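K.L.:
I'd like to ask you about the structure that follows.
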Ligand code: UT7
């Protein structure tokens, strides 16, 4: 008997050119480098130019993922973009990306699951592939969060940045007894009773604006540590993998202290954890593919590695995935 696996065929990322340091921000709001670094681990964030839309960021990341895979845009069957900062309320950012990279007509849609968006998009793409419906799906996390921040609110504006990351998922038909590769499992969940902990205070059907980011940082922190580490345990259990066997943990990059607390709960040494928050800040749905690309480019991660991903954000929504590269 044969089964279908969804494999990571190529990864790519894009960061806007403008890197804004904590010291730069301190000229604008009442904050300082020492507070931001010690409370979050953030040293700088990239901020998109006015003319750069989320679909430009997503398309640049997608083109790099396609180049890494050696696959032409004409071979893409579906594009899923995880974002909370779409170009427009509709149509989806995914259709803009489709047009920009020159992909043919096919399935294209956005996923809104805030910082867990990449995991949710991966879940959907994996289902399309494992179900035999598609053989090449682009999964993208891309955000222009800078357009969405209250630059007067020092408790939130220092935390976020812009950027995008993309993964090309490809179907591989293998014998049932072949060693498992690609996506081994995905776990995703949300708790709508916690909507007031992290949200945008606007939207087209309520305020007719996009609103701005609002957060109860301490409560989100507490949930993040608990749900992210639990989600890794769950996906490992469901995939029949021991936590000890995980080579690399690529968590959502919201706060270095959250990442360290999760690693501790999972008994994972920090040497196995990919951290890019110092350079990227929190880029919501883009943070995991950005960190993955960074680790691949630097040669830390490579083919055959077992990688765990996990995130939590507004919703609250969270999730995890296990992938054999
Ligand atoms: O990606 C989605 C998931 N998001 C997260 O996971 C974020 C989770 N939360 C966090 O990362 C942390 O809660 C924050 C980094 C947001 C805040 O850190 P904290 O240690 O929880 O600080 P706090 O909010 O309790 O604030 C402590 C103090 C306050 O001053 P007082 O009341 O103690 O005098 C704040 O006013 O720090 C002050 N403060 C700042 N000071 C300088 C808050 N923001 C700043 C700032 N610069 N930017």
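In our numbering, the protein residues as written are 3 to 327. Where a beta carbon is used, it is the ideal one built from N, C-alpha and C, also for glycine. Quantities reported herein were computed from a predicted structural model and do not represent experimental measurements.
#1: Could you check if residue 41 belongs to the surroundings of the ligand UT7, using beta carbon to heavy atom distance under 7 Å?
#2: Should residue 254 go down as buried or exposed, given a rule of 16 or more other Cβ atoms within 10 Å for buried?
#3: In the structure shown, what three-state DSSP assignment does residue 248 receive?
#4: Taking only heavy atoms of the ligand GDP into account, decide whether any of them is closer than 7 Å to the Cβ of residue 114.
#5: If we cut at 8 Å on Cβ distances, does residue 72 have a partner in chain B?
#6: Taking the alpha carbon of residue 215 as the reference point, which residue from 17, 299 and 162 has its own alpha carbon closest?
#7: So, does the stretch 172-185 touch the stretch 142-158, judging by three or more C-beta pairs under 8 Å?
#8: Determine the closest residue to residue 99 out of 136, 72, 128 and 143, with distance taken between C-alpha atoms.
#9: Between the Cα of residue 23 and the Cα atoms of 9, 16, 12 and 39, which residue gives the shortest distance?
#10: Give every residue of the same chain whose Cβ lies closer than 6 Å to the Cβ of residue 1, excluding the five residues on either side of it in the sequence, and list them in chain order.
#11: Verify the contact flag: residue 312, CB atom, against every heavy atom of the ligand UT7, threshold strictly below 7 Å.
#12: What's the C-alpha gap between residue 32 and residue 41?
#13: For residue 191, does the three-state DSSP call read helix, strand or coil?
#14: Given that a residue counts as buried once 16 or more other Cβ atoms are within 10 Å of its Cβ, and exposed if not, what is residue 229?
#15: Using a Cβ-based criterion (distance less than 7 Å to any ligand heavy atom), does residue 5 qualify as near the ligand UT7?
#16: Answer yes or no: the CB of residue 37 versus the heavy atoms of the ligand UT7, is any distance below 7 Å?
#17: Does DSSP put residue 35 in a helix, a strand or coil?
#18: Alpha carbon to alpha carbon, what distance is there between residue 294 and residue 166?
#19: Excluding the 5 residues flanking residue 222 on each side, which residues of the same chain have their C-beta closer than 7 Å to its C-beta?
#20: Distance check for residue 146 and residue 259, CA to CA, integer angstroms please.
#21: Check the C-beta distance from residue 110 over to residue 81 and give it rounded, since I have them as a contact under 8 Å.
#22: Within the present structure, is the beta-carbon of residue 161 separated from the nearest heavy atom of the ligand UT7 by less than 7 Å?
P.N.:
Let me lay it out:
#1: yes
#2: buried
#3: coil
#4: Inclusion of the ligand GDP in the displayed structure is not the case, the ligand content consisting of the ligand UT7 alone.
#5: Checking the listed chains, one finds no chain B in this structure; it contains a single protein chain.
#6: 162
#7: no
#8: 143
#9: 39
#10: Only positions 3 to 327 of the chain appear in this structure, which leaves residue 1 out of reach.
#11: no
#12: 15 Å
#13: strand
#14: buried
#15: no
#16: yes
#17: helix
#18: The straight-line gap separating the alpha-carbon atoms of residue 166 and residue 294 is approximately 11 Å.
#19: 199 and 200
#20: 24 Å
#21: 5 Å
#22: yes
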